[in-house]
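>
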Amino acid sequence: MKRGLPPQHQDFSAWYNDIVYQADLADLSPVRGSMVIRPYGYALWENIQAALDKMFKATGHQNLYFPMLIPMSFFEREKKHVEGFSPELAVVTHAGGKELEEPLAIRPTSETIIGEMYSKWVQSYRDLPLLYNQWCNVVRWELRTRPFLRTTEFLWQEGHTAHATAEEAMAETLQMVDVYAEFAERYAAIPAVKGEKTAGERFAGALRTYTIEAMMRDTKALQSGTSHYLGENFARAFNITFNDVNNQQAYAHTTSWGLSTRIIGAIIMAHGDDKGLILPPKLAPYQVVIVPIYRRDDTEAQQRVLGAVSALAEEFHSAGVRVKIDNRDQSPGWKFNEWELKGVPIRLELGPKDLAAGQAVIANRLQAGKETVPLAGVVTLIGQRLTQFHHDLYARALAFRETHSAVVKDYPSFQRQVEMGWAYVTHCGEPACEAAIQEDTKATPRCIPFEGPAAESGCVRCGKVSGYPRQVIFAKAY
Ligand SMILES: [Zn+2]
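The numbering of the sequence shown is the working numbering, which starts it at -5 and goes up by one.
This is the structure:
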């Protein structure tokens, strides 16, 4: 296998593709546009899932599961939804050797089939709210695909809730964008900007879409999780009605929210460097890798080192640290490169001389050089280093974003800024003006951030009055 990556600044896109395959995160599948997630990538996903699942449950949600096949007619019931998703639908027309009476779509998202069932489950205000989530795969027939960022089949979670009032549903929608931002910060070490999408970027069928946006190390934006207030749109399409406290019939207000394996792309591109991945410790499949060092012909030293290494690994296990012993028949240098490429936060090396001196050598993926530390108390020390690693990684990403974001006031400065990062600008909010900006610069409105500078007098491109209370972030995006 080829080892070594092209430098990020030379070809970020090639760097990204190479790292996905060389770090054993994923592989190409025989079906164009879909990918195989390999054990190292899947372990990362499992850690993401576990953290989010805990957060969903702590906010009162339960998991359930819906089938992946959805009657085509369901999509026709919500006009904007069908317009939005038709071009991406994969449809089953034949099964059991016969043509089906009604074709079945493979879910691109499940609002429709869930709406159908919610109409059966909701009769009275006493049945509300429904706070459900499912972990599943979806299929969207994308033309241009890239591993984790855009694939025809991907893994995600989709939350679907139904509420008695608009206020409750809006509170849920905003709560979930907070949950995503908190996950990004506390687990992925990614500073995310929370905000609302402009009308042109809304989910098909939603009244409001909220997003978390993160800056990648090529300064492009990546939408990393979205939460939608659907109003009564799906309740009307699927007849989700209930008798309210006054015994009047009313439509439920629904929400949906999702985060996908795309977040793995965000982790790769928000943190990685020329040597490879840098994984946030709370999500890394291995937080510590131990490389035992000995000469293969010295069996006595080998036994001593391996004995000490497995005792140490036991201690890490007991302390709740994910640890891996790399005792493969490869040179230490080869292993160091491999674990740097795979982004393991801390590497610990232990040889016979270290053992005799009661010390170990540790290397931190965020720092150059190595450090010799006493073996006694090394597990506690590394626990502290992992906590520090998370903070340093977050601070590094935040500093990068701040350095590459600027408020700009005129169109020439705007055009320069979106070549170097994110631009905060006053915008009129008109779709035609958004389209003209995209045509000129390839930048799109990422969101109207919840917190940020207030809008000023005129739109950066057309001079018309601002469409929003605050300035809009424009950037090139994945
Ligand atoms: Zn404008």
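Built from N, CA and C at the ideal position, the CB exists for glycine as well.
According to DSSP, is residue 376 part of a helix, a strand, or is it coil?
helix
> Applying the criterion that 16 or more other CB atoms from any shown protein chain within 10 Å of the CB defines a buried residue, is residue 33 buried or exposed?
exposed
> Applying the 10 Å Cβ sphere with the 16-neighbour rule, what's the burial state of residue 385?
exposed
> According to DSSP, which residues form a beta bridge with residue 157?
247
> Could you check the C-alpha separation between residue 469 and residue 55 for me, to the nearest Å?
Their backbone Cα atoms lie some 34 angstroms apart in a straight line.
> What residue does the beta strand (DSSP E) around residue 99 start on, and which one ends it?
Start and end: 92 to 100.
> May I ask you to check if the CB of residue 92 is nearer than 6 angstroms to at least one heavy atom of ligand 1?
no
> Assign residue 115 to one of two classes, buried (16 or more other C-beta atoms within 10 Å of its C-beta) or exposed (fewer than that).
Classification of residue 115: exposed, given that the 10 Å Cβ count is below 16.
> Cα-Cα, which of 66, 443, 87 is closest to residue 77?
66
> Please return the same chain residues whose Cβ sits closer than 6 angstroms to the Cβ of residue 57, not counting the five positions on each side in sequence.
Close CB contacts of residue 57 within its chain, under the 6 angstroms cut and outside five residues either way in sequence, are with 127 (chain order).
> Please indicate yes or no: does the CB of residue 403 lie closer than 6 angstroms to some heavy atom of ligand 1?
no
> Could you check how far apart the C-beta atoms of residue 108 and residue 62 are, in whole angstroms? I think they sit under 8 angstroms.
No, residue 108 and residue 62 are not in contact; Cβ-Cβ is about 13 angstroms, not under 8 angstroms.
> Could you give the DSSP three-state label for residue 252: helix, strand or coil?
strand
> Buried or exposed: which applies to residue 81, given that a residue is buried once 16 or more other Cβ atoms fall within 10 Å of its Cβ?
exposed
> Cα-Cα, which of 44, 317, 172, 183 is closest to residue 205?
172
> Among all the DSSP beta bridges, which residues are the ones paired with residue 235?
245
> Write down every uninterrupted run of the alpha helix (DSSP H) in the region 159 to 191 whose length is 4 residues or greater and which is fully enclosed by it, in chain order.
Counting only unbroken stretches of 4 or more residues, the alpha helix (DSSP H) elements lying wholly within the region 159 to 191 are 160 to 180, in sequence order.
> At what residues does the alpha helix (DSSP H) containing residue 304 begin and finish?
293 to 312
> Less than 6 angstroms separating the Cβ of residue 427 from some heavy atom of ligand 1?
yes
> Compute the Euclidean distance between the alpha carbons of residue 159 and residue 442, then round it to the nearest angstrom.
25 angstroms
> Starting from residue 418, trace the beta strand (DSSP E) both ways and give me its first and last residue.
416 to 419
> Thinking just about the alpha-carbon of each residue, which of 130, 246, 262 is nearest to the one in residue 338?
262
> Figure out for me which residue from 398, 98, 454 has the closest Cα to the Cα of residue 430.
454
> Please report how far the alpha carbon of residue -2 lies from the alpha carbon of residue 11, in whole angstroms.
Between residue -2 and residue 11, the C-alpha separation is close to 12 angstroms.
> Tell me the DSSP secondary structure of residue 286 in three-state form.
strand
> In angstroms, rounded to a whole number, what distance separates the CA positions of residue 246 and residue 364?
59 angstroms
> Is any non-hydrogen atom of ligand 1 found closer than 6 angstroms to the C-beta of residue 464, if you look at the structure I gave you?
no
> Compute the Euclidean distance between the alpha carbons of residue 1 and residue 465, then round it to the nearest angstrom.
Using only the alpha carbons, I get a separation of about 34 angstroms.
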